[in-house]
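One structure is given here, and the rest of the page talks about it.
Chains as they are written, first to last, in the numbering used here: chain P, 3 to 305; chain C, 1096 to 1397.
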């Protein structure tokens, strides 16, 4: 864990969930659905936290309770120390729901102006913020186009911009790349990393596990409303009794010597192969236009 | 993994206001803008055609009857158009916002649910106000043109000493002060229906359900008075029926009472007492329905 996250840990969690339970009664029947059961977790300031789980596992319910949209049956949630049922706690939150449509008849600029106004911004401060966010999400050229004409990726980006309008310290993103093509998905991934570099805490729900693995510091996995795994990503995915070496320009004799050393030491060589690029990276390379590069795929991935 | 700077690098924020008219107006103006861009004002063309038609097809009537038909047609159309507009525009607000998830993005901001609902309702009220003002303007123009036509015909062949009396008679039949309270009551009635529709939409799952319930209640509101008079005058009415009638009367306003059109068309003066009682009834129901809508919405699981 890096020093900055340790610093955040000392100042208290961005999100604190304690023994959270949510039960939905089924109308006209005696049955009840337990959406979330005794969930406890902390998201520290500056972290990108991935909340994972299959459909119906309780992710969205937990997220809605954190945002004050749903009332918990038991337990407590706090945002930067304030109860999330308090409206004031949402000063610190930006939210992008899954597949948002927004107001189709508004332009990109009007959309941001509307969200800015309901957050108490006005005048030159609001105008400057709109210009800054449109530039950040790469929609300066589409600022006067109505959202009805936006592509899926553009809608997600304007959604991210509206989430950031009041400079929140916490972003809650529900499937931010759902339905977006790989290039758009990569852009959103880069934006999330940019938010992180600016000190914004991110709670991310996603089914794209590869992307979660790329950007999250910590993850929690929900199954049927219960938190079944939680911890630092590196700790959870590491195979403790194995070591990976990646060599560049290694001549065959050297490989042979290493293999012999391994055999002689009593360890077992599980696999020796050339590293692969990802299908996403390959797709991005072959579909990118006007970009000349001599970089090899695996080199670019580690940017 | 990238370094994470502390959150304190973010700019300081403005303190949150517990109640903000600016936030309410932002939501109201956005609601209004949505409806304007949905081209709801096109119905005014239909309204204009109706009053032009009603002016054109009654040239054989006496001038008093011509004014009566024009007023009856115009005020009746204003009542129906504002009713349709209030129900159709309000019914799509909440279900559509939930379906599009825009509601989540707004309530995830520091916006109290009361302000959100007030903003939505205010947007509809402003829309209805603009609509009724535009329709009133068209109506006044039509009435003025009709007045000039009638005056031109009426003074022909009249001895000079009687001309002033004829002009006074024509003017008294066209523009009357009672038109203003009548139009105000039409507006209040449409606001009441908008607040009822908003109440239904807080627990309805679709716009179509909201529209159907609002139409049924409009119908109940107009026939309950007749049903009550008929049942209460019958000797066979049971106590249970009377309780049911009282319950219906309490829950839904008698919409026949919320109209001054018949008096205005008949040329009767409207006293300030009658106007205040009628307007007070409408405003009371508007407040009760709006409060109920808020109480349901405040505890709604989204």
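Quick reminder that beta carbons are idealized off the backbone N, C-alpha and C, glycines included.
- Positions of the alpha helix (DSSP H) runs, each at least 4 residues long and wholly inside the region 192-260 of chain P, are given as 211-217, 235-239 in order along the chain.
- Excluding its 5 nearest sequence neighbours in each direction, residue 66 (chain P) has C-beta neighbours in its own chain below 6 angstroms: 72, listed in chain order.
- Counting of Cβ neighbours within 10 angstroms places residue 1284 (chain C) among the buried residues, the total reaching 16 or more.
- Taking one beta carbon from each stretch, the region 1202-1220 of chain C and the region 82-94 of chain P have 3 or more pairs nearer than 8 angstroms; the two touch.
- Within chain P, the residues whose beta carbon sits less than 7 angstroms from that of residue 1129 (chain C) are 105, 107, listed in sequence order.
- Counting along the chain, the unbroken alpha helix (DSSP H) around residue 1343 (chain C) starts and ends at 1334-1346.
- By the neighbour-count criterion, in which 16 or more other beta carbons inside 10 Å mark a residue as buried, residue 1251 (chain C) falls on the exposed side.
- With fewer than 16 other Cβ atoms from the protein chains shown falling within 10 Å of its own Cβ, residue 42 (chain P) counts as exposed.
- Proximity of residue 99 (chain P) to chain C, defined by a Cβ-Cβ separation below 9 angstroms, is satisfied.
- Secondary structure at residue 1266 (chain C): helix, using DSSP grouped into helix, strand and coil.
- Inter-residue distance for residue 1391 (chain C) and residue 1380 (chain C) is about 17 angstroms (C-alpha atoms, whole angstroms).
- Among the residues of the region 77-96 of chain P, those with a Cβ less than 7 angstroms away from any Cβ of chain C are 89, 90, 92, 93, 95, in the order of the chain.
- Taking a Cβ-Cβ cut-off of 9 angstroms, residue 51 (chain P) has no neighbours in chain C, whose nearest Cβ is about 12 angstroms from it.
- Residue-level contact by beta carbon holds for residue 1200 (chain C) and chain P, with a gap shorter than 9 angstroms.
- For residue 1366 (chain C), the closest alpha carbon among the candidates C:1267, C:1176, C:1275 is that of C:1275.
- For residue 1357 (chain C), the enclosing alpha helix (DSSP H) covers residues 1356-1361.
- Shown in chain order are the members of the region 1182-1211 of chain C whose Cβ falls below 7 angstroms from a Cβ of chain P: 1195, 1196, 1197, 1199, 1200, 1201, 1202, 1203, 1204, 1205, 1206, 1207.
- The beta carbon of residue 238 (chain P) is closer than 7 angstroms to those of 221, 231 in its chain, skipping five residues each way along the sequence.
- Nearest Cα to residue 209 (chain P) within the set P:14, P:98, P:186, P:55: P:55.
- Of all residues in the region 36-67 of chain P, only 47, 48, 49, 66 place a beta-carbon less than 8 angstroms from a beta-carbon of chain C.
- Note that the C-beta distance between residue 1149 (chain C) and residue 1173 (chain C) is not below 9 angstroms.
- Beta-bridge partners of residue 51 (chain P) (DSSP): P:205, P:220.
- For residue 132 (chain P), the enclosing alpha helix (DSSP H) starts and ends at 125-138.
- Within chain C, the residues 1118, 1121, 1122, 1201, 1204, 1206 have their CB atoms less than 7 angstroms from the CB of residue 120 (chain P), given in chain order.
- Cβ-Cβ separation between residue 217 (chain P) and residue 195 (chain P): approximately 6 angstroms, consistent with a contact (criterion under 8 angstroms).
- The Cβ-Cβ distance between residue 103 (chain P) and residue 1196 (chain C) falls below 9 angstroms.
- Note: residue 45 (chain P) is bridge-paired with P:17 in the DSSP secondary-structure output.
- By the rule that beta-carbons nearer than 9 angstroms mark a contact, residue 255 (chain P) does not touch chain C.
- With the rule of 3 Cβ pairs closer than 8 angstroms, the region 1322-1341 of chain C does not count as touching the region 1207-1223 of chain C.
- Residue burial is scored here from C-beta neighbours: residue 1345 (chain C) has fewer than 16 other C-beta atoms within 10 angstroms and is therefore classed as exposed.
- Under the Cβ distance rule, residue 215 (chain P) does not count among the residues neighbouring chain C, no pair being separated by less than 9 angstroms.
- As DSSP reads the structure, residue 26 (chain P) sits in a beta bridge with P:35.
- Between residue 247 (chain P) and the set P:235, P:260, P:236, P:255, the nearest pair of CA atoms involves P:260.
- Residue pairing of residue 1319 (chain C) in beta bridges, as defined by DSSP: absent, with no partner found.
- Take the alpha-carbon of residue 229 (chain P) and the one of residue 138 (chain P): they are about 35 angstroms apart.
- Within the region 1251-1302 of chain C, no run of beta strand (DSSP E) reaches 3 residues while sitting entirely inside it.
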